[in-house]
Ligand SMILES: *Cc1c(COP(=O)(O)O)cnc(C)c1O
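Residue numbers (this note's numbering): 8 to 335.
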């Protein structure tokens, strides 16, 4: 429990967090990258293709592929490729080939560039390019770092570890807060707690936090949509802003996805989780304050959850409630 932060916020609320950033990929994504690279190797593949936004997924997969001796080709959203040159070089260090997307290397990339020559790219475009390249090369498959059920399954490790830790210390959370891009980290975090909630054993207030620039749960439609801009993937029922949606070039690259995991979408539709969208400037102010008291420089994505935890802690100050919140 961050004692200093609690003091600084002068709140009766108790706040706990799970830090997944202590690896080179800087995020929870290695949990799924290792599993996916392992199965790709077992299947006898030569390599995999993928997309990356801010670069965390691409980094995690590059690391995993290096461990298993697989080739790794990453299509990185162009604005992040330019905003975050160190990320792209880390991927190259692990042996991945990194291409800014949309690119001239694929048919879909050329088409997107012909229609929108100045586009800063999107995860949807990068997915289309990665899928096309996997289909064109023997022994290659496309892998995705979030959204899909198997990725949520791998990420349940976050929730399982959290539950063990909370149970061990006899802590009962009232609220669970997580940022949501494609939804795998939040989906994984809440899975054991949602089980308790669905079975009527315990209740939790669960909040998904997304950027105001890419508000798929709070502003999207619950409908069948493509996972990519080029409309080559299977349809997925989810909250979506439309597969052609290109978000502004905000810093939270990992949250700039037009859709949301089907599992989280259904839970949101059924009123079992809430969603909030928040502005980047307020999020960065919260991240700065958190860094100064906790010593951890949070990712822009995680800072979305930090901001909402802070707001909720301030509310408890007004009402005097001793709520316990958990964030990831
Ligand atoms: C990718 C990423 C996210 C978003 O994860 P989803 O599982 O797609 O919601 C959040 N935080 C960090 C640090 C990330 O790298």
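C-beta atoms are modelled at their ideal positions from N, C-alpha and C, and glycine is treated no differently. Treat the numbers as computed from the prediction; the structure is a model and nothing was measured.
Use the C-beta contact count for residue 321: other C-beta atoms within 10 angstroms, 16 or more gives buried, fewer gives exposed.
exposed
Below 8 Å CB to CB, which residues in the same chain sit around residue 17 once its five sequence neighbours on both sides are set aside?
324
Exposed or buried, what is residue 202 when buried is set at 16 or more other beta-carbons lying within 10 Å of its beta-carbon?
exposed
Is it buried or exposed for residue 200, if we count other Cβ within 10 angstroms and need 16 for buried?
buried
My output table needs one value for residue 148: the three-state DSSP class, helix, strand or coil.
strand
How far does the beta strand (DSSP E) with residue 94 in it reach, from first residue to last?
Run containing residue 94: none in the beta strand (DSSP E); it sits in the alpha helix (DSSP H), 92-100.
Hey, which unbroken runs of the alpha helix (DSSP H) at 4 residues or more fall wholly within the stretch 187-229?
191-205 and 223-226
Please classify residue 210 as buried or exposed, where buried requires at least 16 other C-beta atoms within 10 Å of its C-beta.
exposed
Cutoff 6 Å; reference residue 110; Cβ partners in own chain excluding five residues on either side
116
Euclidean distance between Cα positions of residue 141 and residue 36:
21 Å
Does DSSP put residue 283 in a helix, in a strand, or in coil?
strand
Candidates 162, 134 and 261: closest to residue 220 by CA position
261
If you compare alpha carbons, which of 70, 132, 107 and 92 is closest to residue 236?
132
Opposite residue 75 in the DSSP bridges: which residues?
None; residue 75 has no bridge partner.
Checking the sheet assignment: what are the DSSP bridge partners for residue 333?
23 and 183
Does at least one heavy atom of ligand 1 sit under 7 Å from the Cβ of residue 80?
no
Does the distance from the C-beta atom of residue 180 to that of residue 331 stay below 8 Å?
yes
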